[in-house]
Structure formats: structure tokens, C-alpha cells
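Going by numbering that gives the first Met the number 0, 222 is the number at position 223 of the sequence shown; the sequence numbering is gapless.
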Amino acid sequence: MMKKYYVFILLFFSSLVIFFSSGCETTPVRQAPLPDEPIAPPPKMVVGDTWVVTDWSREYGIDTFTFNVTHVESDGGFTLEVTSKKDGITRVTNYDNAFQRINPPLKRKVLDFPLFVGKKWSDKQYGRSAHGDYKHYENEYIVEKYETVSTEAGSFKAFKIFRRQYVRETGKTFTEEYWYSPEVKAVVKSKPTWKIGKELISYSVIPPGKPTTTVATKKAKPSVIAPSLQIQEISQYWAVIIGISDYYDTRIPSLRYAAADARSFYTWLTSPEGGRYPPSRIKLLVNEQATGSSIKEALFVWLKQALQEDIVIIYFAGHGSPESPDFPDNLFILPCDAQYENIATTGFPMWDIETALNRFIKAKKAIVIADACHAGGVGQSFDIARRANRGLKVNTISTGLQMLSKVGDGICIISASDDNQFSQEGKQWGGGHGVFTYFLLKGLTGEADYNNDSRVSLGELIPYLSEQVRRETRNAQCPTVAGKFDPVLSIGR
């Protein structure tokens, strides 16, 4: 499900990817624009820039998506939130100042700035198909012309880009035309050959080269992103913190610092200079304390104490894994008593966390933080598959975590890494931490307090975490975020 959103984000800002057909051969290929011809540099985003588009989705058919710029870095990179109208889930992605998506990382270069008529480029990537499997794609692009294109939001001058995509496994070729408008700072329309295309229906942006007090709006509609949830002083904070480095079954690989991460997070939460949580409202389960039954008791019984207006934090550091290569959608976090040969009956099912949020926890605001992707799959079935050279290439534990956000408004899910990445840990991070929790703690202790109000909100913490972890790991690990939540919500009191 999460991958669907990343494709939509890419499609909106850069459409999909493809190889040339004979129809584009009439456009001369150029290395530079001709004199007096239009040229489009990378757009300069501004917080609050918003676009609403219709597009096709595998799950829902035609859907409406709202794109909103929520953070802009000093070098021009930006954070984008994307919300589906039909399921209400919000996804967060990051782009660099060349308009390339870096979180989750993407090798496609579907908009290669500066744009001018005749410019041609290509790329290759391994990615998920419309049917959910993974294939190798070879793509070529050419800017065919600069023309006026009509959309529901109005008519715009735009660069028409033609792409052709070759699928190595099937030998099939697909083509698409799409139009990028410098005025709108986005792709405003697309015409793929394999599905219904997308179209801009409204937008509100700071026009290129205009003062920031001037806003261009075409049929602007209210944003559907994250309705505000009022934080009242009477709210109490509750937390369940789980960290597992050592497993009873020694065939399950140990982790060096998962337990230390959990203890450090607990220390910050209870510190008078940190979260200021009363210890009585925190359940800490570390190593041998974190059995399957004790985790279930904490989520299903202990957190029942939280009232509807309270705020619940659930933190997990340890192994997360699908059941087996044959059942990759059955996802589990592994308690300390999980059994190597039987993950299905001894792991803690992801759907039990959803059940806890849905049926047992009354609090309407919850933050789930998980650092659970440390391997491509854990257990006997995965080791057998790896020896047979058919190991799972993508551990979808991050996708499973983010699906928890569908429980309802007010749920924020923060995962330490994307599906195709492993969470890193080492002594170089604070003497022994996972890189994610290391920067989580640094952000909470003040480095993410961008407005200097002595309170770190989710709206500040999430961009900080994304940037710092990506920089530290050179984009090998990219935290992901999902949910409809108030960005002023804070983990600390």
C-alpha cells in the first residue's frame, strides 16, 4: 500500500517512466536550449504550496490526492505530505533541491532540470509493478515541445515530455506523455497508455520569481491533510517501551543496541529535563521482560488506563519479520520468546497492534515509533530460502507499520527505515545506539526545536529525523511517516 503512494507522489511531480516511440523522433535532440527559447530551472518550493490532483490507484480506481509542502530546507530541498481522499492516509516524502526524491530513495530521474525543448535523458531502476511484483525498468525521456495544456484547474504553458518504458522481464514497452508547468511548479496532466492519467484540479502556490506575499490560486479547495486535534492541558501521556537485543532462541540473531535504545528513550521520557513522564505511566519491557504475553498485556490491558483525551506512545526496537518468503504479508514483531522455526505462532502479529489501537486503547491520539527492520526476514524458512538463493528482497515490515495509521485520525506512525532498507546500529552513534534512536533522542533534547519554544513538535521532529538519518547513512536508511495527525503534537509533556 505504501508503495502506491510513492508512485503517486512521483507521478504528480514527475509522472512515471519510459522509452521513446517513433512518434518522438521528430523532436531534435539538443544539449542546450536555442537562443530565446523557454527554459525551466528547478522550482523553488515554499511552505504551504498545495496541489490537488485526480489519479488512478490500484486499490480504489480514480482517487483524489492533496500534495502539501510542509518544510523547506536552506538548500532548497523540501518535505511533501500526500493525502488520499478515499482512505485518508497521509504519506511523507523528501526531495532534494534538484527535485529528486530521496526519502524513500528513487533512482528514476523523471524530471531532469533545467528543462528545454529537445533535452533527452534516461535511467534504469528496479521497482514495484502495478501488480505488486518487482521488475527491472529501462526508461528514456525527451522534452518534445513547449505548449499550452488545458486542465480542470485552468490552462497553462507547459513542457510536454514523452517517455518510453521497457520492462526487461516481460519485453513489453509502455509510453506516456506528461506536461510540467513552471508556473504551477508541478506536472499538471499525464496521458499514459496503460491506465487513466492524472489531472490537476486545483492549486495554491507562490509563483516563481514573485514576492512571497503573492499567492496564485486556481479553484483552490481546503486541504484535507491532518485535521487539527486540540491538545488540552488535562491530557496525560502513557508509554509502552519495548527493546529486545537478546532472544531466548539463539538461532535468532542478536541485536547490539535495541535494548539500550529502549532504556535511553525511557530515561528521556522520565527525565525532568525531557519528557517529564511519571514512571507509573510507562511500561518498560526490555529483553527477557518482552515476551509475547507481556507485550499483549501491555497493549491490551495496561493501556486501557488511558482516557480518550490522553496521548499514547508505543516504542519498539527489535526484530520485525514476515512469516516466511511464501507469506510475506503476514507480518510480526518478534518478542524475546519467538521461536526460530515457527514465527507464525510465536511472533507478535502486526494486526494485534491494530486491534489494540482499535478495540482496547481509548486514547484518540497515539504515536507509534518502530525500529524493526534489521534483516530481510528472520526464521528458519528465510535461512532455507537464502541458501536456495531465493531470499526475500524486500521486508515489508515498514509498510505493515504504516498501515496502522488507517485505524483513524490522530495516529502517527514513524518507522526507522523503508521496506527495502535495514536499520543500522553501531558505537559511532552515542557510544552504542541505532542511528534512528540516536537522532530521535538528539532531536527531542532540543536539536529539532526549530522555533526555540522549548517544545519539540512532530512537525519539527519528523523533518529533523528524516534529514539527519539520511545524511548520516548516505541515504541507506530513510525514516518513513504515515497518519493523519496534528503536527503540533509533541512526544514530551
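Built from N, CA and C at the ideal position, the CB exists for glycine as well.
Close Cβ partners of residue i (< 6 Å) along its chain, the five nearest in sequence each way excluded
i, result
"Leu-199", "Val-52, Thr-150, Ala-152, Val-187"
"Trp-428", "Val-434, Tyr-437"
"Ser-73", "none"
"Arg-250", "Tyr-339"
"Glu-503", "Outside the displayed range of the chain (0 to 492) lies residue 503, so it cannot be described from this structure."
"Lys-392", "Annotation note: pLDDT 48 at Lys-392 (below 50); position unreliable, coordinate value reported separately. Excluding residues within five positions, none has a Cβ falling inside 6 Å."
"Gly-569", "No statement about residue 569 is possible, as the shown extent of the chain runs from 0 to 492 and does not include it."
"Pro-37", "Tyr-145"
Limits of the unbroken alpha helix (DSSP H) element including residue i
i, result
"Glu-151", "Note, Glu-151: premise wrong, no alpha helix (DSSP H); not H, not E."
"Ser-180", "Ser-180 -> not in any alpha helix (DSSP H); beta strand (DSSP E) instead, spanning 172 to 180."
"Lys-295", "291 to 299"
"Pro-462", "457 to 472"
"Leu-268", "257 to 269"
"Ile-490", "Run containing Ile-490: none; DSSP gives neither H nor E here."
"Thr-354", "349 to 354"
"Ile-88", "Run containing Ile-88: none; DSSP gives neither H nor E here."
"Ile-342", "342 to 345"
Bridge partner(s) assigned by DSSP for residue i
i, result
"Cys-411", "Ile-366"
"Gly-425", "His-432"
"Ala-238", "Ile-281, Ile-312"
"Pro-191", "Glu-175"
"Lys-159", "Lys-144, Trp-178"
"Tyr-165", "Glu-137, Thr-172"
"Trp-100", "Position check: residue 100 holds Arg in this sequence, whereas Trp was assumed. Looking at the DSSP assignment, Arg-100 forms a beta bridge with Tyr-94."
"Glu-80", "Asn-67, Val-91"
"Gln-124", "Tyr-136"
"Leu-114", "Ala-39"
"Thr-49", "Asn-67, Ser-203"
"Val-186", "Tyr-179"
"Lys-441", "Lys-441 pairs with nothing; no bridge assigned."
"Ser-320", "Phe-331"
"Asp-74", "DSSP output for Asp-74 lists no bridge partner at all."
"Lys-303", "In DSSP, Lys-303 forms no bridge with anything."
"Lys-119", "Ile-141"
Other residues of its chain near residue i: CB distance less than 8 Å, five sequence neighbours each side excluded
i, result
"Lys-84", "Asp-62, Thr-63, Phe-64, Thr-65, Val-223"
"Arg-255", "Ser-244, Glu-424, Gly-425, Gly-431"
"Arg-492", "Tyr-236, Gly-274, Arg-275, Tyr-276"
"Lys-190", "Glu-175, Glu-176, Tyr-177, Gly-196"
"Val-468", "Ala-415, Val-434, Phe-435, Phe-438, Gln-476, Cys-477, Pro-478"
"Leu-228", "Annotation note: pLDDT 34 at Leu-228 (below 50); position unreliable, no value reported."
"Leu-443", "Trp-267, Gly-273, Gly-274, Val-455, Leu-460, Ile-490, Gly-491"
Residue burial classification, residue i (beta-carbon count within 10 angstroms, cutoff 16)
i, result
"Lys-171", "exposed"
"Gly-76", "buried"
"Asn-93", "buried"
"Asn-388", "Low local confidence applies: a pLDDT of 43 at Asn-388 is under 50, so the model's placement there is unreliable, and no value is given."
"Leu-306", "exposed"
"Ser-453", "exposed"
"Gly-445", "exposed"
"Ala-97", "exposed"
"Val-300", "exposed"
"Arg-162", "buried"
"Gly-378", "With a pLDDT of only 41 at Gly-378, under the threshold of 50, the placement of this residue in the model should not be trusted; the figure read from the coordinates follows. Buried is the call here."
"Ile-383", "Because Ile-383 carries a pLDDT of 37, less than 50, the predicted location of this residue cannot be relied on, and no value is offered for it."
"Ala-31", "exposed"
"Val-91", "buried"
"Val-285", "buried"
"Asn-357", "exposed"
"Val-109", "buried"
"Asn-419", "buried"
"Ala-481", "buried"
"Asp-260", "buried"
"Leu-33", "exposed"
"Tyr-125", "exposed"
"Asp-370", "buried"
Contacting residues, own chain, Cβ-Cβ under 7 Å from residue i (five flanking each side not counted)
i, result
"Gly-47", "Val-68"
"Glu-287", "Cys-335"
"Tyr-265", "Ile-240, Ile-281, Leu-283"
"Trp-120", "Lys-108, Asp-111, Tyr-140"
Delimiting residues of the beta strand (DSSP E) encompassing residue i
i, result
"Ala-495", "One cannot answer for residue 495 here, as it falls past the ends of the chain, which runs 0 to 492."
"Ile-200", "198 to 204"
"Pro-327", "326 to 332"
Next on the checklist: When you compare the stretch 451 to 461 with the stretch 473 to 487, are there three or more beta-carbon pairs, one atom per stretch, that lie closer than 8 Å?
Outcome noted: yes
Checklist entry - Three or more C-beta pairs closer than 8 Å, one from the stretch 136 to 151 and one from the stretch 165 to 182: is that the case here? => result Cβ pair count under 8 Å is three or more, so yes.
Checklist entry - How about the stretch 256 to 274 and the stretch 321 to 337: do they share at least three Cβ pairs that are nearer than 8 Å? => result At 8 Å Cβ cutoff, the stretches do not touch.
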